[in-house]
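Student: Once you've had a glance at the structure underneath, I'll fire off some questions.
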Amino acid sequence: MADYRLMKGNEVIAEAAIRYGCDGYFGYPITPQSEIMETLMLRKPWEETGMVVLQAESEIAAINMVYGGAACGKKVMTSSSSPGISLKQEGITYIAGAELPCLIVNVVRGGPGLGTIQPAQSDYFQAVKGGGHGDYRLIVLAPASVQEMNDFVGLGFDLAFKYRNPVMILSDGVIGQMMEKVQLGEFKPRWTNEQIIKMYGSWATTGKTPDRKHNIITSLELDSSRQEKFNHKLIEKYKVISENEVRFEEIACEDAEYLFIAYGSSSRICQKAIEIARAKGIKVGLLRPITLFPYPTKKIQSMLSKIKGILAVEMSAGQMVEDVRLAVEGKVPVQHFGRLGGMIPTPNEVVHALEEQIIKGK
Amino acid sequence: MADIKEIMKPENLVYGKSKVLTDNVMSYCPGCTHGVVHKLIAEVIEEMDIQEKTIGICPVGCSVLAYNFLDIDWQQAAHGRAPAVATAVSRLKPEKIVFAYQGDGDLASIGTAEIIHACNRGENIVVIFINNGIYGMTGGQMAPTTLEGMPTSTSPYGRDIKLAGHPLRITELIAQLPGTTFVTRQSAHTPAAVRKCKKAIRKAFDNVEGKKGTSFIEVVSTCSSGWKLSPVKSNEWMVEHMFPFYKLGDLKDE
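Chains as they are written, first to last, in this note's numbering: chain E, 162 to 523; chain S, 277 to 530.
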């Protein structure tokens with residue numbers, strides 16, 4: 162029987178991790194995502210599934226614990242919010258460089274600096290363009306509901322292991338804090354050591370046995386030509402991900418003359434804005450990127466022949482809008498609308514912005 | 277005189293290279309302590325027959341390439357983070373024997389938080405801490421452990437306490453933490469010291485097998501390249517200057 166609950170987005174991340182057979186969570190408290198570790202500590206999954214939950218001394222330690230666990234082929238994760246995610250960037254680029262699978266949850270708040278504890282979407286560049294040093298990409302999933310907070314834990318782990326690449330759930334303070342109905346997943350057993358050796362023994366540090374060479378997890382390559390070769394290997398992987406893993410949702414796009422492009426909580430606001438705009442006779446639809454990397458570039462391009470203008474709505478000073486413009490290549494007007502600093506736009510503000518910036522062309 | 281082939285028989289073998297050491301040529305400078313300590317760890321792993329059970333975490337620094345020299349599974353950690361990495365491996369794979377191998381810049385400067393907290397939690401790991409009082413790999417810069425007055429490339433007139441603070445005896449701090457079970461300071465500059473050091477490493481690995489918490493071994497070491505001394509002079513300098521400040525012996529053995 163389906164297991165429906167009324168839960169907070171953050172709590173659902175914790176519950177979904179336990180149910181998906183996660184082996185380890187390593188975190189450090191920060192608002193607005195502390196409920197993730199709190200829920201885990203309350204649930205005591207180590208008694209139920211054997212999952213390790215550890216409060217680390219810092220976000221830096223937590224992400225390096227993730228590195229250590231992922232290098233063993235274990236299903237491990239961390240979560241934080243913007244300032245904490247900045248601290249994790251060193252570890253994230255090492256994880257990407259060592260090609261390790263893991264799940265990182267960012268419940269975004271306003272910045273820069275300590276900023277605010279209120280919701281924002283101003284970490285798009287950091288998540289999508291590579292927040293740490295070097296040429297690498299995260300697979301970035303943007304949930305727009307508590308249900309997707311649940312679903313993307315499993316999807317995130319699957320993609321991470323499929324591509325040996327870190328996956329980030331780029332959520333925000335709205336999705337993390339709000340309560341909605343959610344259908345929880347079935348319990349999946351954690352992988353046994355034998356299963357891990359069978360599936361990932363070719364690279365994971367499971368202990369050197371006589372039948373194989375020793376496995377080394379590192380992101381170091383002192384020989385430039387070999388490092389370049391490795392960089393190209395990563396580029397190829399990201400190309401495959403871009404071809405196969407683009408996810409998006411279209412709402413009211415069939416007859417749309419104008420388009421909102423928005424992810425996460427902004428996309429929810431845009432849904433209401435569509436109702437208001439359509440009541441006024443404005444034919445507007447919504448394209449919601451679900452994966453931010455890979456970005457639905459081709460999808461946007463395929464829609465342009467019918468679209469007169471695009472409003473990118475995001476709670477930032479205009480970050481994702483750059484990817485919209487790269488896709489559009491100047492073929493139709495593209496404008497950005499957003500509120501900042503933890504302020505959440507109202508549907509009426511969004512409709513007003515569409516009318517002023519796109520329809521009237523101001 | 278007996279033919280050499282008569283002598284070269286397995287039953288006459290009194291010493292050999294540990295099978296846990298690879299055939300790769302070590303990248304360390306002549307006189308460097310890393311090679312000796314690598315050899316000791318390899319011998320302990322072989323003697324305990326734990327090659328399949330051991331997972332090493334190597335640092336950033338000269339020993340970043342330790343994974344090329346010991347034939348075990350390795351993870352190479354970010355600078356200073358080996359204790360955090362080792363924590364997760366030990367927690368997620370309690371059936372394994374996990375050790376972190378770090379230098380003094382890695383452990384006592386950039387990684388102070390990680391080492392203090394891993395030891396304070398009593399993580400069931402071995403930490404091998406190579407202290408040569410200098411950043412070797414980057415070319416001999418001042419480390420937290422650099423002695424007062426000791427010249428380095430970033431303290432060319434000698435470490436000035438007013439400018440750079442005091443050299444850090446982090447092992448004394450570590451010994452205060454209830455999570456640690458065995459804390460010792462060793463060296464590897466004479467055959468006797470090498471034997472003592474190996475005994476300490478063996479005890480530390482035994483402790484992990486017995487789930488006794490954190491065992492921490494500092495090895496006061498030389499860096500002839502960084503110190504700009506010959507290997508022989510480096511040993512003499514270490515005995516004369518390092519040992520009075522970094523006193524050898526067990527700080528804790530529970």
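Heads up, the beta-carbon is just placed ideally off N, CA and C, and yes, glycines get one too.
These numbers come from a predicted model, not from an experiment.
Mark I422(E) as exposed unless 16 or more other C-beta atoms lie within 10 angstroms of its C-beta, in which case mark it buried.
Tutor: Counting from one through the first sequence, the residue named residue 422(E) turns up at place 261. Under this definition I422(E) is a buried residue.
Student: Using three-state DSSP, classify W350(S) as helix, strand or coil.
Tutor: As a working mapping, residue 350(S) is identified with position 74 in the second sequence. In the structure shown, W350(S) sits in a strand (DSSP, three-state: E or B).
Student: Suppose contacts are defined by Cβ-Cβ distances below 8 Å. Is V445(E) in contact with I471(E) by that definition?
Tutor: For the purposes of this step, residue 445(E) is identified with residue 284 of the first sequence, where counting begins at 1. For the purposes of this step, residue 471(E) is identified with residue 310 of the first sequence, where counting begins at 1. Their beta carbons are not under 8 Å apart, which means V445(E) does not touch I471(E) by this criterion.
Student: By DSSP, does Y286(E) sit in helix, in strand, or in coil?
Tutor: Against the first sequence, residue 286(E) aligns to sequence position 125. Contrary to the premise, residue 286(E) reads as Phe rather than Tyr in this sequence. F286(E) falls in the helix class under three-state DSSP.
Student: For P455(E), which option in F498(E), C263(E), V328(E) and V314(E) has the closest C-alpha, if you only look at C-alpha atoms?
Tutor: As a first step, residue 455(E) must be located in the first sequence, where it is residue number 294. The shortest C-alpha separation from P455(E) is found at V328(E).
Student: What residue range does the beta strand (DSSP E) around M531(E) cover?
Tutor: Outside the modelled stretch of chain E, which goes from 162 to 523, sits residue 531(E), for which no answer is possible.
Student: Compare the C-beta of E196(E) with all C-beta atoms of chain S and state if any pair is closer than 8 Å.
Tutor: What you label residue 196(E) is simply residue 35 of the first sequence in a count that begins at 1. Output row for E196(E): interface = no.
Student: G258(E) to R471(S), Cα distance in whole Å?
Tutor: Along the first sequence, read from residue 1 onward, the residue named residue 258(E) stands at position 97. Along the second sequence, read from residue 1 onward, the residue named residue 471(S) stands at position 195. Near 39 Å, if we compare the C-alpha coordinates of R471(S) and G258(E).
Student: What does L368(S) touch in chain E if you count any residue whose Cβ is under 7 Å from its own?
Tutor: Position 92 of the second sequence, counting from 1, holds the residue named residue 368(S). In chain order: D184, G185, V213, G230, C233 and K235.
Student: State yes or no: is the beta carbon of E442(S) nearer than 8 Å to at least one beta carbon in chain E?
Tutor: As a working note, residue 442(S) is residue 166 in the second sequence. Going by the sequence as given, residue 442(S) is His instead of Glu. Not one chain E Cβ lies under 8 Å of H442(S).
Student: Drop a sphere of 10 angstroms on the beta-carbon of T353(E), count the other beta-carbons inside from all chains shown, and report buried for 16 or more, exposed for fewer.
Tutor: As a first step, residue 353(E) must be located in the first sequence, where it is residue number 192. T353(E) comes out exposed.
Student: Leaving aside the five residues before and after P443(S) along the sequence, list all residues of the same chain whose C-beta is less than 8 Å from its C-beta, in chain order.
Tutor: For this step, residue 443(S) is matched to residue 167 along the second sequence. Contacts found: G409, P420, T421, T422, L423, E424, R435 and F521.
Student: Let me make sure I understand the geometry here. Which of M481(E), E309(E), K469(E) and Q344(E) has the alpha-carbon closest to that of K492(E)?
Tutor: In the first sequence, residue 492(E) corresponds to position 331, counting from 1. Here the closest residue by C-alpha is K469(E).
Student: According to DSSP, which residues form a beta bridge with S491(S)?
Tutor: On the second sequence, position 215 is the one that residue 491(S) refers to. According to DSSP, S491(S) bridges with V402(S) and F458(S).
Student: So E251(E) contacts chain S; which residues on that side make the cut at Cβ distance below 9 Å?
Tutor: In the first sequence, counting from the first residue as 1, residue 251(E) sits at position 90. Within chain S, the C-beta atoms nearer than 9 Å to that of E251(E) come from A354, H355 and R357, in chain order.
Student: Can you pull out the residues from the segment 290-305 of chain E whose beta carbon lies closer than 8 Å to at least one beta carbon of chain S?
Tutor: none
Student: For a cutoff of 8 Å on Cβ pairs, would you count T456(S) as touching chain E?
Tutor: Along the second sequence, one-based indexing puts residue 456(S) at 180. Closer than 8 Å to the CB of T456(S) there is not a single CB belonging to chain E.
Student: What in chain S is Cβ-close to E176(E), meaning under 9 Å?
Tutor: Residue mapping note: residue 176(E) aligns to position 15 of the first sequence, counting from 1. None at all; the shortest Cβ gap to chain S is about 21 Å.
Student: Could you check how far apart the C-beta atoms of S385(E) and Y255(E) are, in whole angstroms? I think they sit under 8 Å.
Tutor: Working through the first sequence from its first residue, we reach residue 385(E) at position 224. Working through the first sequence from its first residue, we reach residue 255(E) at position 94. 19 Å between Cβ atoms; not a contact.
Student: To which residues does DSSP link M518(S) through a beta bridge?
Tutor: For the purposes of this step, residue 518(S) is taken as the residue at position 242 of the second sequence. M518(S) pairs with nothing; no bridge assigned.
Student: Per DSSP, T428(S) forms a beta bridge with which residues?
Tutor: In the second sequence, counting from the first residue as 1, residue 428(S) sits at position 152. S431(S), per the DSSP bridge assignment.
Student: Quick one, which of Q338(E), H513(E) and F286(E) has its alpha-carbon nearest L299(E)'s?
Tutor: As a working note, residue 299(E) is residue 138 in the first sequence. Checking every option, the nearest Cα to that of L299(E) belongs to F286(E).
Student: Taking 8 Å as the threshold (beta carbon to beta carbon), is D299(S) in contact with chain E?
Tutor: Along the second sequence, one-based indexing puts residue 299(S) at 23. It does not; no Cβ of chain E falls within 8 Å.
Student: With a floor of 4 residues, list each alpha helix (DSSP H) that falls wholly inside the segment 334-389 of chain S, ordered by position along the chain.
Tutor: If we require 4 residues or more, the alpha helix (DSSP H) runs fully inside the segment 334-389 of chain S come out as 358-368.
Student: Taking DSSP as the reference, what is the three-state secondary structure of T200(E)?
Tutor: If you number the first sequence from 1, residue 200(E) lands on position 39. Correct three-state label for T200(E): helix.
Student: DSSP state of T330(S), grouped into three classes?
Tutor: Sequence index remark: in the second sequence, residue 330(S) carries index 54 (1-based). Strand at T330(S).
Student: Which chain E residues are close to T363(S), counting only those with a beta carbon under 9 Å from its beta carbon?
Tutor: Locating residue 363(S) in the second sequence gives position 87, where the first residue counts as 1. In chain order: F187, L215, A217, A222, N225, M226 and G229.
Student: For H259(S), which of helix, strand or coil comes out of DSSP?
Tutor: The displayed coordinates of chain S run from 277 to 530. Any statement about residue 259(S) would go beyond what the structure contains.
Student: Return the first residue and the last residue of the beta strand (DSSP E) that D164(E) is part of.
Tutor: Here residue 164(E) refers to the residue found at position 3 of the first sequence. Residues D164 to K169.
Student: Can you say whether Y424(E) is buried or exposed, counting buried as having 16 or more other CB atoms within 10 angstroms of its CB?
Tutor: In the first sequence, the residue the question calls residue 424(E) occupies position 263. Under this definition Y424(E) is a buried residue.
Student: Identify the contact partners of T239(E) in chain S, using a Cβ-Cβ distance below 9 Å as the criterion.
Tutor: Locating residue 239(E) in the first sequence gives position 78, counting from the first residue. Here the premise fails: no neighbours, minimum Cβ distance about 10 Å.
Student: For G291(E), which residues from the same chain have a beta carbon less than 6 Å from its beta carbon, with the 5 sequence-adjacent residues on both sides left out?
Tutor: To locate residue 291(E), count along the first sequence from 1; it is residue 130. Hits under 6 Å: Y297.
Student: With respect to the alpha helix (DSSP H) encompassing N225(E), which residues constitute its N-terminal and C-terminal limits?
Tutor: Taking the first residue of the first sequence as position 1, residue 225(E) is located at position 64. E220 to A232 is the extent of the alpha helix (DSSP H) around N225(E).
Student: Below 6 Å CB to CB, which residues in the same chain sit around Q338(E) once its five sequence neighbours on both sides are set aside?
Tutor: The count along the first sequence starts at 1 and reaches residue 338(E) at position 177. P193.
Student: Nearest CA to the CA of L524(S): which residue from G502(S), G307(S) and E448(S)?
Tutor: Mapped onto the second sequence, residue 524(S) falls at position 248. Taking only the C-alpha atoms, the option nearest L524(S) is E448(S).
Student: Considering only the beta carbon of each residue, do I451(E) and E415(E) sit closer than 8 Å?
Tutor: Residue mapping note: residue 451(E) aligns to position 290 of the first sequence, counting from 1. Residue mapping note: residue 415(E) aligns to position 254 of the first sequence, counting from 1. Against a cut-off of 8 Å, the Cβ pair of E415(E) and I451(E) comes out as no contact.
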